[in-house]
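**Q**
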Amino acid sequence: MEYDYTSSESCNAGLLGPSLASMCNVTSYYFFLSILETFVRRKQQIAQTCERITPIHIPDAEYDFVVVGGGAAGSVVAARLSENPSWKVLLVEAGPDEPVGASVPGFSSVIAQSSIEWGYQSKNESYACLSSNGSCQISAAKALGGSTIHNSMIYLRGSPYIFDQWAAMGNEGWSWEDVLPFFKMSENNGEIDSVGREYHGTDGPLFVERFPSKPPFANVILEAAEEAGFGVSNDLNGKDRFGFAVIQATSHHGARRSSAAAYLRPIRHRKNLHITLNSTCSRIIIENEQAVGVAYYMNGKLYTVRASKEVIVSASAVESPHLLLLSGVGPEEDLKSKGIDVVKNLPGVGMNFHDHIAFPIGFTIDEPDVYDNNWAALVEYIAFQTGPLSNIGLAQVMGYLPSGITTPGLPDIRISGSGYYAACAPGGIGELQSDGKRNIVVTSRYTHPKCRGKISLVTPDPFEYPSIWVNYLCDPDDVAGIVKSIECTLKLVDTPALKAYNMTLAVTPLEACSNYTFASTEYWECAVHYSAEGDRHYSGSCKMGPASDPLAVVDPRLRVYGVKGLRVADASIMPEVTTANTGAPCIMIGERAAQMIKQDWKYSDTI
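Our numbering numbers the first residue of the sequence shown as 484 and each following residue consecutively.
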């Protein structure tokens, strides 16, 4: 067994975001969490503090390519383009490097609520989040690696049907057959003997494997899935896309591996790739209908850089349309009303914005409500990278089922658990969180929404957030889909395997839905409008489509219509969201975009 406690002081470990103690923000936890973070920071196989990128402070005057956004797709694009040593690439990231604590899977839910969050809220939701006056939380990470540093690391691609639908809409080159090679080329699957090579690869930079451990209750859920008739799958990314499974994740030996960790850290010494952190892009510089550079702020100072070939926007489904609008690309009347000069009238910018919908349901089981993180878990994790800290608890068990509501045979219902998180804790072995029973949350999701919203400008100030309207649950089919998912969850719970643990609803009936019998179909149809939430899979706001599509923003080669030298590559280009988490699809989009750019500039080294 190899141990590495290299002192972080000798490494490039600055700008690493908030600490675990500050994120948990409980005084009695501070000592234990500070010790944990100290060991994590020095364990190079976990935090990789000696492999972090060195950000620049003053950019060069000109680059061949400028990539805006270092998230799931942007990290890929920047890494792949800089493979050509004759091209200079600048990556502009709004946030800091990945916090040390993000490397620990057990803290994934804590990272997602930390200060690296953008802190968006949607507004004017008429059919959702009614308990919070029609305002839903819109979660997105502001850090290198984007949402791959604070998601649950779940590696799922979604149904092939959706990609075939993209192609059927007029997007040549985006069918399942077309995109599968790009999923595979990104992937270094650590369990290839289990999942097989037909759908998986081993030559890419992105580690994909199951977590090294799971709570015993995860096996109980799989047993319940069999009893409910839902079945169990070995690989939801393979041939068997229905049923429950212990999913693979973007992790390696019990540590998170974000897109930035996978693509940027191994090439951190590449001289032709510059990365600037904590840098907010304020506009794309467009001259004579051609993108020629960007302007961005860092530490209060404005920098402008030229791009001799292209600007690629990979800033997220919220910030990519926001940046286009700030740059004069979008609906003409909206731009004029905010005092922005119109560069290109593109009515689709910001339109088609959508997300999956989720409904969490609380339960209790007959176990004591103990903290899962403690001194024993710390020692096991630092020594072996196993145990409670090395996984995401019950969230690694997931089921996909068909609702039959809009598309027969489409796995558009998704069910997953939440519990047994080894996160914020005082450290004592056997310490109780409460005197009650252990809490489990099962979240029901619907992943094929019809509803569409909009991202729009509030002000020309680039530091002011745009207006976000998702329009969740506006369509009866979306309501029917999430209610069907809830009913499948209750069927799962009503099995001998889970009854043996006395798994019991721990939900207070909503006063707003008191006219309906609690837990009836009618009750859930009411309750989802009040308590459902977004699933952080925002997509569609720079829609990819043929020129005949009035809402298309980019063509099938991701080029912005009417502006030369400008592309978008992230979840915003999805005409409709995949049926899964968007991390893996965004990495695929980054790979696909990089290959297209190389082809268009006659540089050939790709598949």
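Beta carbons are placed, not taken as given, at the ideal position from N, Cα and C, and that holds for glycine.
Keep in mind it's a predicted model, so treat the numbers as computed, not measured.
(1) Under a CB-based cut-off of 9 Å, is Phe522 close to chain B?
(2) Mapping the DSSP letters down to three states, classify Gln773 as helix, strand or coil.
(3) To the nearest angstrom, how far is it from the Cα of Ala798 to the Cα of Val777?
(4) Report the three-state DSSP secondary structure of Arg897 (helix, strand or coil).
(5) Would you be able to state if there are at least three C-beta pairs under 8 Å between the stretch 866-879 and the stretch 694-701?
(6) Taking the beta carbon of Gln596 as the centre, do at least 16 other beta carbons fall within 10 Å, making it buried, or is it exposed?
(7) Whose CA, out of Val990, Leu756, Glu1059 and Met1057, lies closest to the CA of Leu564?
(8) Report all residues from its chain with a CB closer than 6 Å to the CB of Met1079; omit the five preceding and five following residues, and keep chain order.
(9) Mind listing, in chain order, the continuous alpha helix (DSSP H) runs of no fewer than 4 residues lying wholly within the stretch 646-696?
(10) Quick one: Cα of Thr1114 to Cα of His931, how far?
(11) Relative to the C-alpha of Gly783, which candidate in Asn771, Ser803, Asp1018 and Leu760 has its C-alpha closest?
(12) Alpha carbon to alpha carbon, how far is Leu808 from Pro542?
(13) Assuming the contact rule is C-beta atoms closer than 8 Å, Pro588 and Met636 should be a hit. Round their C-beta distance to whole Å, please.
(14) By alpha-carbon positions, which one of Val962, Ala905, Gln879 and Ser614 ends up nearest to Ile896?
(15) What does the alpha-carbon distance come out to for the pair Pro738 and Arg525?
(16) Could you check which residue in Pro979, Ser1014 and Ala983 has the C-alpha nearest to that of Glu994?
(17) Say whether the stretch 553-560 touches the stretch 626-642, bearing in mind that this needs 3 or more beta-carbon pairs closer than 8 Å, one atom from each stretch.
(18) Going by DSSP in three states, Asn702 sits in which element: helix, strand or coil?
(19) Which residues does DSSP pair with Lys784 in a beta bridge?
(20) Taking DSSP as the reference, what is the three-state secondary structure of Val990?
(21) Could you pull the start and end residues of the alpha helix (DSSP H) that Gly1066 belongs to?
(22) Is the Cβ-Cβ distance between Ser762 and Tyr780 less than 9 Å?
(23) Less than 9 Å between the beta carbons of Met506 and Gly584, yes or no?
(24) Assign Glu1016 to one of three DSSP states: helix, strand, or coil.
(25) Keeping to the same chain, check which residues put their C-beta closer than 8 Å to that of Glu608; ignore five residues upstream and five downstream.
(26) So does the stretch 657-668 actually touch the stretch 1064-1077, counting three or more Cβ pairs closer than 8 Å?
(27) Once the 5 residues before and after Asp817 are set aside, which same chain residues still bring their CB inside 7 Å of it?
(28) With a 10 Å radius around its C-beta and 16 neighbouring C-beta atoms as the bar for buried, classify His837 as buried or exposed.
(29) Using the DSSP secondary-structure output, state which residues sit across from Arg739 in a beta bridge.
(30) Please tell me whether, using a cut-off of 8 Å, the distance from the CB of Ile840 to the nearest non-hydrogen atom of the ligand ATP is below it.
(31) In whole angstroms, what separates the C-alpha of Pro992 from that of Tyr999?
(32) Going by the DSSP bridge assignment, what does Val925 pair with across the sheet?
(33) Just to confirm, are Pro814 and Thr926 a CB contact at a threshold of 9 Å?
(34) Across which residues does DSSP place Val715 in a beta bridge pair?
(35) Rounded C-beta distance between Thr987 and Phe846? I'm assuming under 8 Å.
(36) Could you check if His735 is buried or exposed, using at least 16 other CB atoms within 10 Å of its CB as the buried criterion?
**A** Well, looking at it:
(1) The displayed structure is made up of one protein chain only, and chain B is not part of it.
(2) Position 290 of the sequence shown holds residue 773. If DSSP states are grouped into helix, strand and coil, Gln773 belongs with the strands.
(3) Here residue 798 refers to the residue found at position 315 when the sequence shown is read from its first residue. Here residue 777 refers to the residue found at position 294 when the sequence shown is read from its first residue. Approximately 13 Å, taken between the alpha carbons.
(4) Position 414 of the sequence shown, counted from the start, is the residue given in the question as residue 897. The answer is strand: DSSP assigns Arg897 an E or B state.
(5) yes
(6) Taking the sequence shown and counting its residues from 1, the one referred to as residue 596 is at position 113. Gln596 is exposed by the Cβ-count criterion.
(7) Taking the first residue of the sequence shown as 1, we reach residue 564 at position 81. Of the listed residues, the one whose Cα sits closest to Leu564 is Leu756.
(8) Taking the sequence shown and counting its residues from 1, one reaches residue 1079 at position 596. Here the set comprises Arg1040.
(9) 659-669 and 675-678
(10) Lying outside 484 to 1090, the shown extent of the chain, residue 1114 is not represented and no answer is given.
(11) Locating residue 783 in the sequence shown gives position 300, counting from the first residue. Nearest of Asn771, Ser803, Asp1018 and Leu760 to Gly783, Cα basis: Leu760.
(12) By one-based count along the sequence shown, residue 808 stands at place 325. By one-based count along the sequence shown, residue 542 stands at place 59. Approximately 25 Å, taken between the alpha carbons.
(13) Taking the sequence shown and counting its residues from 1, the one referred to as residue 588 is at position 105. Taking the sequence shown and counting its residues from 1, the one referred to as residue 636 is at position 153. Confirmed, Cβ separation roughly 6 Å.
(14) In the sequence shown, residue 896 corresponds to position 413, counting from 1. Ile896 has its Cα closest to that of Val962, out of Val962, Ala905, Gln879 and Ser614.
(15) Indexing the sequence shown from 1 puts residue 738 at position 255. Indexing the sequence shown from 1 puts residue 525 at position 42. The question names Pro, but residue 738 is Ala in the sequence shown. For Ala738 and Arg525, the distance between alpha carbons rounds to 13 Å.
(16) The residue given as residue 994 occupies position 511 in the sequence shown. Comparing Cα positions, the closest option is Ser1014.
(17) yes
(18) Along the sequence shown, one-based indexing puts residue 702 at 219. Three-state result, Asn702: helix.
(19) By one-based count along the sequence shown, residue 784 stands at place 301. DSSP lists Met781 as partners of Lys784.
(20) Residue mapping note: residue 990 aligns to position 507 of the sequence shown, counting from 1. Coil at Val990, not helix or strand.
(21) For the purposes of this step, residue 1066 is taken as the residue at position 583 of the sequence shown. Here the alpha helix (DSSP H) through Gly1066 covers Gly1066 to Asp1083.
(22) If you number the sequence shown from 1, residue 762 lands on position 279. If you number the sequence shown from 1, residue 780 lands on position 297. Cβ atoms of Ser762 and Tyr780: closer than 9 Å.
(23) Position 23 of the sequence shown, counting from 1, holds the residue named residue 506. Position 101 of the sequence shown, counting from 1, holds the residue named residue 584. Yes, the Cβ-Cβ distance between Met506 and Gly584 is below 9 Å.
(24) Translated into the one-based positions of the sequence shown, residue 1016 becomes position 533. Strand.
(25) Along the sequence shown, read from residue 1 onward, the residue named residue 608 stands at position 125. Result list for Glu608: Gly617, Ser618, Cys619, Trp952, Val953, Asn954 and Tyr955, in chain order.
(26) yes
(27) Locating residue 817 in the sequence shown gives position 334, where the first residue counts as 1. Cβ within range, chain order: Ser939 and Leu940.
(28) Walking along the sequence shown from the start, residue 837 turns up at place 354. By the 10 Å Cβ count, His837 comes out buried.
(29) Residue 739 sits at position 256 when you count from the first residue of the sequence shown. Note: Arg739 sits in a beta bridge opposite Ser734.
(30) Although the ligand ATP was asked about, the structure shown includes no ligands whatsoever.
(31) The sequence position of residue 992 within the sequence shown is 509, counting from 1. The sequence position of residue 999 within the sequence shown is 516, counting from 1. Whole-angstrom Cα-Cα distance: 10 Å.
(32) Here residue 925 refers to the residue found at position 442 of the sequence shown. In the DSSP output, where bridge partners are listed per residue, Val925 has Ile844 and Gly900.
(33) Here the question's residue 814 lines up with position 331 in the sequence shown. Here the question's residue 926 lines up with position 443 in the sequence shown. For Pro814 and Thr926, no; Cβs fall outside 9 Å.
(34) As a first step, residue 715 must be located in the sequence shown, where it is residue number 232. Val715 pairs with Phe727.
(35) Locating residue 987 in the sequence shown gives position 504, counting from the first residue. Locating residue 846 in the sequence shown gives position 363, counting from the first residue. Confirmed, about 6 Å.
(36) Sequence index remark: in the sequence shown, residue 735 carries index 252 (1-based). Buried, by the Cβ-count rule.
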